[in-house]
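Protein sequence lines correspond, in order, to chains A and B.
For the first sequence, position 38 matches number 38 in my numbering, and the numbering has no gaps at all.
For the second sequence, position 110 matches number 110 in my numbering, and the numbering has no gaps at all.
A virtual CB, placed ideally from N, CA and C, is assigned to each residue, including glycine.
Please read these numbers as outputs of a predicted model, since none were measured by experiment.
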Amino acid sequence: MPDWLTHSLIGWITGKTIKLDISLVVIGSLIPDISKLYLVSAWLLQRRTETFFLPIHTPIGAVLIACVTALFFQNMKKALIPLGIGIATHFILDFFLLNVFGDPLLFPFSWDEWQLGLIRSDDYTMTIIAIVAAVVVYFLYFIYKKRKFIQNKNLRFFK
Amino acid sequence: MKHKRIILGLFAIFLLITLMLYCFQEYDKNNPHIKKYKLIFENTENYNNIEISFHAKIITVNKTNQTLHVSIQEEPYTYPIVQINTGNLDIQNLKKGDLIDIIGILHGKNQMTATKIWLNEPWKTDLIYLRSLLAVPFVLYLFFRTWKFNTTAWRFERRKKDA
């Protein structure tokens with residue numbers, strides 16, 4: 001996995017760019033990594049539980065968690081869309097990784113695992129790229145908002 | 001409406017737990033990599049010149065002969081010890097007990113030639129967790145800046161300034 005910082009920053013950039021609820025896109029981008037609970041359970045139970053939590057790190061499992069999360073919002077459908085987009089960003093990022101095993105993206109219909117094998121999960125290059133991209137998007141958005149504000153001010157003046 | 005939500009939630013949780021139990025029970029039998037490794041290491045003579053990759057722990061390092069003896073750290077942890085010819089790869093920084101990822105060509109009985117070796121340095125793994133911890137306050141701030149939890153309705157509601 002890339003770290004949560006990378007996932008959340010890419011989620012933030014996606015939410016900002018497509019103008020959806022940023023906070024929900026970011027939450028969605030971290031949902032598949034709830035499977036990391038296996039670290040806690042393995043420590044508590046002193047046995048391997050990775051395979052029990054693995055379905056959470058599959059598109060179907062993550063969407064099921066997103067459905068449960070969306071039930072806690074007034075408009076379920078409106079909450080589910082950004083959560084789903086966040087989940088998609090997570091799997092797209094993980095697809096670039098180089099692990100011995102990949103991700104079983106079609107589980108439970110297929111056990112096959114896929115990945116592009118470009119970046120190792122402990123490589124922090126991806127984090128640096130995500131931070132730089134987030135800063136660039138933040139400033140571009142800031143300039144865009146400022147320009148829009150000046151345009152509106154000028155329009156009001158001429159009216 | 002409230003009952004509909006509860007039923008939907010319980011159904012989703014039931015489905016998820018079913019998937020988790022199914023995976024827990026069937027993973028070793030169905031995982032393509034585990035199936036492949038089992039087949040290869042039980043009949044090594046039939047699998048010459050096949051590319052494999054795995055996570056391993058170094059048992060011995062022979063820097064003069066450029067060879068390693070490793071135990072494969074993949075489920076079900078019953079694979080034989082493999083001797084690896086590292087050829088021209090740099091193994092000067094490898095030592096007994098190191099965890100490595102290997103891609104190579106298997107030939108002969110439990111012998112392979114490595115084409116790529118990555119050392120899993122513990123500090124790099126720790127750094128992943130450290131970077132992940134940094135994300136927690138960022139995500140909590142983003143979320144609770146927009147939403148607040150209504151404890152009577154058991155629902156997240158938009159904060160007024162965003163409404």
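Spatial distance of residue i from residue j (CA atoms)
i	j	result
I143 of chain A	T58 of chain A	38 angstroms
N43 of chain B	F24 of chain B	27 angstroms
N85 of chain B	Q66 of chain B	6 angstroms
K95 of chain B	G104 of chain B	19 angstroms
H90 of chain A	I56 of chain A	12 angstroms
M112 of chain B	Q83 of chain B	6 angstroms
D123 of chain A	K29 of chain B	32 angstroms
A163 of chain B	S23 of chain A	Interpretation of A163 of chain B is limited by its pLDDT of 44, a score under 50 that renders its predicted location unreliable; the figure taken from the coordinates is listed afterwards. Answer to the nearest angstrom: the Cα atoms are 14 angstroms apart.
Residue i burial status per 10 Å Cβ neighbour count (16 or more: buried)
i	result
P104 of chain A	buried
W4 of chain A	buried
L106 of chain B	buried
S110 of chain A	exposed
W43 of chain A	exposed
D94 of chain A	buried
D21 of chain A	buried
T14 of chain A	buried
Y129 of chain B	exposed
H3 of chain B	exposed
R153 of chain B	One point to set straight first is that residue 153 of chain B is Ala, not Arg, in the sequence displayed. Answer is exposed; the Cβ neighbour count stays below 16.
L142 of chain B	buried
Any C-beta of chain B under 8 angstroms from that of residue i
i	result
R120 of chain A	yes
I210 of chain A	Outside the displayed span of chain A (1 to 159) sits residue 210 of chain A, for which this structure offers no information.
S8 of chain A	yes
D103 of chain A	no
L54 of chain A	yes
F73 of chain A	yes
G61 of chain A	yes
Sheet register partners of residue i (DSSP bridge)
i	result
H69 of chain B	B:T60, B:Q83
I50 of chain B	B:L106
R155 of chain B	B:N150
I119 of chain A	A:L97
L119 of chain B	B:I100
H55 of chain B	B:D101
Residue-chain proximity (residue i, chain A), Cβ-Cβ < 8 angstroms
i	result
G9 of chain B	yes
T151 of chain B	no
K124 of chain B	yes
V61 of chain B	no
F41 of chain B	no
**Study point:** Complete beta strand (DSSP E) runs within the segment 75 to 117 of chain B (minimum length 3 residues, chain order)
**Key:** Correct list: 82 to 85, 99 to 106.
Point to revise | Uninterrupted beta strand (DSSP E) stretches inside the segment 48 to 117 of chain A (no shorter than 3 residues) | key: The DSSP assignment places no complete run of the beta strand (DSSP E) inside the segment 48 to 117 of chain A (cut-off: 3 residues).
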